[in-house]
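Numbering (our numbering), first residue to last: -16 to 270. Structure record follows, encoded as structure tokens.
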């Protein structure tokens, strides 16, 4: 397929904007990953641009058919991104690496959106709206918000673990986030909240809803189901490790199964979510 010179030239503003945004974001993101503020859920960030590229590729024909320059909106977006970056560059050095990276990444993302608008126009931007907004998952969540989410998941996971231990009819004593069984004491710490797998499941549900469901409310239902599934999955993991530690070998609680054994339980969460997606899709077909 032959590509005309004007079409090639159209891509240049976006490519330049994307490179500038990448340059703005690279340093703070690198510093975040090298700092003590790095968390497990940050490891999901590099996958977000790759998924976005795939989603944009899927929409390429619709985007191409609607391309037209939008100089004013595009320039406004680029300027807003640059201003945001300049503000945090001069006044944000007192922030922790996570929150500093949050503002820089968001500023670079606004600049990227502006470059897209400039080169391809408002209609093309609307056609690519989901992939472009999906890039927000590459923005580190501010620490004070993430702490609230982690606490919410920690509480929910503890309640599910408490329910499962009660159903199992083993003797135990609970004090807040601490469970005491014969020979072991287990605390559901914030790092046991399942935030990384929960975020991965949230992203998976969002993508599944976008790709397989048409109605917005069914997509919302699927996404809302992520929270109880995440807590149940984590409660099952906590209960399993606790019972293994109490009745098989206490060293299991300090083993790699405890630290790195989340994949089987994440697969369990996917298996729990699959019937919900299937049901929503089936009901959609009958509507």
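The C-beta atom is built at its ideal place from N, Cα and C for all residues, glycine as well.
| Check | Outcome |
| --- | --- |
| DSSP three-state assignment for residue 163, whether helix, strand or coil | strand |
| Anticipated Cβ contact below 8 angstroms, residue 62 with residue 118, distance rounded | Residue 62 to residue 118, Cβ: 19 angstroms. No contact. |
| CA nearest to the CA of residue 57, picked from 98, 38, 45 and -6 | 98 |
| CA-to-CA distance, residue 160 to residue 138, given in whole angstroms | 8 angstroms |
| Simplified DSSP assignment, three categories, for residue 168 | strand |
| Separation of residue 29 from residue 255, as counted between CA atoms | 26 angstroms |
| Supposed contact pair residue 123 and residue 25 - C-beta distance, whole angstroms, cut 8 angstroms | 7 angstroms |
| Nearest candidate by alpha-carbon position, reference residue 44, set 147, 23 and 107 | 107 |
| Start-to-end residues for the alpha helix (DSSP H) that takes in residue 103 | 80 to 110 |
| Among 41, 251, 192 and 220, the one whose alpha carbon lies nearest that of residue 110 | 41 |
| For residue 101 and residue -1, the rounded distance between their alpha carbons | 11 angstroms |
| N- and C-terminal bounds of the beta strand (DSSP E) containing residue 156 | 156 to 158 |
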